[in-house]
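Visitor:
There are 2 protein chains.
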Amino acid sequence: MINFTIKFQYGSPIYEQIVYAVKKAIATGQLKAGDKFPSVREMSKDLRINPNTAGKVVGHLVREGMLEVRPGIGSVVSQLSPASKDQRNKILNDQVEELIVESKRLSISKEDVINAIDSNWSLKERKGK
Amino acid sequence: MINFTIKFQYGSPIYEQIVYAVKKAIATGQLKAGDKFPSVREMSKDLRINPNTAGKVVGHLVREGMLEVRPGIGSVVSQLSPASKDQRNKILNDQVEELIVESKRLSISKEDVINAIDSNWSLKERKGK
DNA sequence: GGCGGTGTACTATGTGATATAGTACAGTTA
DNA sequence: TAACTGTACTATATCACATAGTACACCGCC
């Protein structure tokens, strides 16, 4: 059974959207460390995607340290690991910079951006959308 | 003459990297409204890319409202326009959400993220890297 | 009027990522 | 043994990206 939500969009590859959905599910607590992750075949059937695409998702998540594979058994959500220096820099410099550039481009104030982060930190469901 | 800086990387398309570099140059004030933007042929020669790729850059920037084309003359950096509701939401919801998800995944605290935004808002050059 | 510059629109080619279908294998549980 | 797991293949089709080259309408300058 699939225990996270997906809504496919155009513009980015399917496997990438699923990977992000899983990251988000973990960040929100929908998926917790130790939870069983859907099998490749189950995922491909439920989401109606190719088994290879589903396998690609698992591969990515394993490589990023969010999933552990028990050979013959399946995969399990792994413990959150603290960021390495590189990962930390990538977020706190590059990704933050991108947010700032986009905000400035559209004349959004620093306060509005910080407020958005502060009030969305818990990642509760937004209504509408 | 090219008046912004680029350093090509793997992983994302050339035209996208240039578009972002221009956005950043505008955000930092390196490029100001009214400044003449390099021509397609000049850009393709200086950056050693195909004229079509350079044309793609101009097309994107025009579509996003950062460049104005004077037919027969060239293109010019246009005035910053305030964000539409959709653009504002895309940043303040989607892009902020992505930053939060990535941060939580790597156990980076909300305070660290907000501090990074606060102290990088001026977009001064970082040393090293 | 003509030259040289501008953005833009074509055709065409090659490469790589993405998604699909199908098959196969080693490992583990029941 | 039977049924499940992730993984690794071959093969095909499509699309984005980057390249090369040509062409056109437009404008400023001499």
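Protein sequence lines correspond, in order, to chains A and B. Going by our numbering, the first sequence opens with residue -9, and the numbers climb by one from there. Going by our numbering, the second sequence opens with residue -9, and the numbers climb by one from there. Using N, Cα and C, we set each Cβ at its ideal position, and we do this for glycine too.
#1: Relative to chain B, which residues along the stretch 62 to 92 of chain A have a C-beta separation below 7 Å, given in chain order?
#2: Report yes or no: is there a C-beta of chain A within less than 8 Å of the C-beta of B/Arg95?
#3: State the DSSP-derived secondary structure class of A/Leu57, mapped to helix, strand or coil.
#4: Quick check on the DSSP output: what are the complete beta strand (DSSP E) runs of length 3 or more inside the stretch 62 to 97 of chain B, in order along the chain?
#5: Can we say the stretch 82 to 99 of chain B touches the stretch 43 to 60 of chain B, given the rule of at least three CB pairs closer than 8 Å?
#6: Which same chain residues end up closer than 6 Å to A/Asp36 when comparing Cβ atoms and leaving out the 5 residues on each side of it in sequence?
#7: Does the beta carbon of A/Leu51 come closer than 8 Å to any beta carbon on chain B?
#8: Could you tell me the alpha carbon to alpha carbon distance between B/Met56 and A/Glu101, rounded to whole angstroms?
#9: Using beta carbons (cut-off 8 Å, strictly below), is B/Leu113 in contact with chain A?
#10: Would A/Val52 and A/Ala23 be called neighbours here (beta carbons separated by less than 8 Å)?
#11: If you drop the 5 nearest sequence neighbours on each side, which residues of the same chain put their C-beta closer than 8 Å to that of A/Ala11?
#12: List, from N- to C-terminal side, the alpha helix (DSSP H) runs of 4 residues or more that fit wholly inside the stretch -5 to 53 of chain A.
#13: Would B/Val0 be called buried (16 or more neighbouring beta carbons within 10 Å of its own) or exposed?
#14: For my contact list, B/Val91 and A/Lys13 are in at a C-beta cut-off of 8 Å; report their separation, rounded to the angstrom.
#15: Just reading off the alpha helix (DSSP H) that A/Asn105 is part of, what are its end residues?
#16: Would a C-beta distance cut-off of 8 Å place A/Leu70 and B/Ser97 closer than the cut-off?
#17: To the nearest angstrom, how far is it from the Cα of B/Ser99 to the Cα of A/Ile4?
#18: Output needed for A/Leu113: all residues of its chain with C-beta closer than 8 Å, excluding positions within five of it in sequence on either side, in chain order.
#19: Taking the C-alpha atoms as reference points, what is the distance between B/Ala106 and B/Asn79?
#20: Within 10 Å of its beta-carbon, does A/Lys75 have 16 or more other beta-carbons around it, so buried, or fewer, so exposed?
#21: Name the residues in the stretch 14 to 48 of chain A whose C-beta lies less than 9 Å from a C-beta of chain B; which are they?
#22: Measuring only the C-alpha atoms, how far is B/Lys94 from B/Val59?
#23: Suppose you measure from the CA of A/Ala73 to the CA of A/Glu54; what does that come to, to the nearest Å?
#24: Out of curiosity, what's the CA-to-CA distance linking B/Gln7 and A/Ile39?
#25: Interface residues of chain B around A/Ile8 at Cβ under 9 Å?
Guide: Taking the geometry as given:
#1: Leu70, Pro72, Ala73, Gln77, Arg78, Ile81, Leu82, Asn83, Gln85, Val86, Glu87, Leu89, Ile90, Val91, Glu92
#2: yes
#3: strand
#4: 64 to 67
#5: no
#6: Ile(-8)
#7: no
#8: 24 Å
#9: yes
#10: no
#11: Phe(-6), Thr(-5), Ile(-4)
#12: 4 to 18, 30 to 36, 41 to 53
#13: Sequence check: residue 0 of chain B is Tyr here, not Val. Exposed is the call here.
#14: 5 Å
#15: 100 to 110
#16: yes
#17: 30 Å
#18: Lys14, Ala17, Thr18
#19: 21 Å
#20: exposed
#21: Lys14, Ile16, Ala17, Thr18
#22: 43 Å
#23: 11 Å
#24: 31 Å
#25: By Cβ distance, chain B contributes nothing, its closest Cβ being about 14 Å from A/Ile8, past 9 Å.
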